[in-house]
């Protein structure tokens, strides 16, 4: 039974990505540009910077500290977008945050990777 459920559950993330991809319209980003900029800036830059400063102030070192900072720099999750869409909390912005956030995180995650390896 567990094996059966594991196989079914393994399809959920790709299915969620596919459904968000179908709803994603990059032409609509201008209408949400201010909110999108604030949300992505916070999620990809400000939040990891706050965590990085906290880790440095506490003199934490090692792999665990690097993982904490790097995880903080990950883009918005699909689950958050699906929940926001379900409760009609600006689904267009949520889908744009996930879609553009994944693309932008290729650059920001690389930067945070180098910051973690060089300063921690």
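Numbering (my numbering), first residue to last: 31 to 150. Every residue gets a Cβ at the ideal spot worked out from N, C-alpha and C, and that includes glycine.
When the Cα atoms are used, what is the spatial distance from residue 68 to residue 123?
-> 11 angstroms
Do you know offhand how far residue 113's Cα is from residue 129's?
-> 16 angstroms
Cβ shell of residue 74 (< 8 angstroms), same chain only, five flanking positions each side left out = 103, 105, 131, 134, 135 and 138
Compare the C-alpha of residue 126 against each of 36, 32 and 65 and name the closest.
-> 65
Can you check whether the CB of residue 146 is closer than 7 angstroms to the CB of residue 84?
-> no
Quick one: is residue 108 buried, meaning 16 or more other Cβ sit within 10 Å of its Cβ, or exposed?
-> buried
Below 8 angstroms CB to CB, which residues in the same chain sit around residue 77 once its five sequence neighbours on both sides are set aside?
-> 102 and 103
Of all the options 149, 37 and 62, which has the alpha carbon lying nearest to the alpha carbon of residue 96?
-> 149
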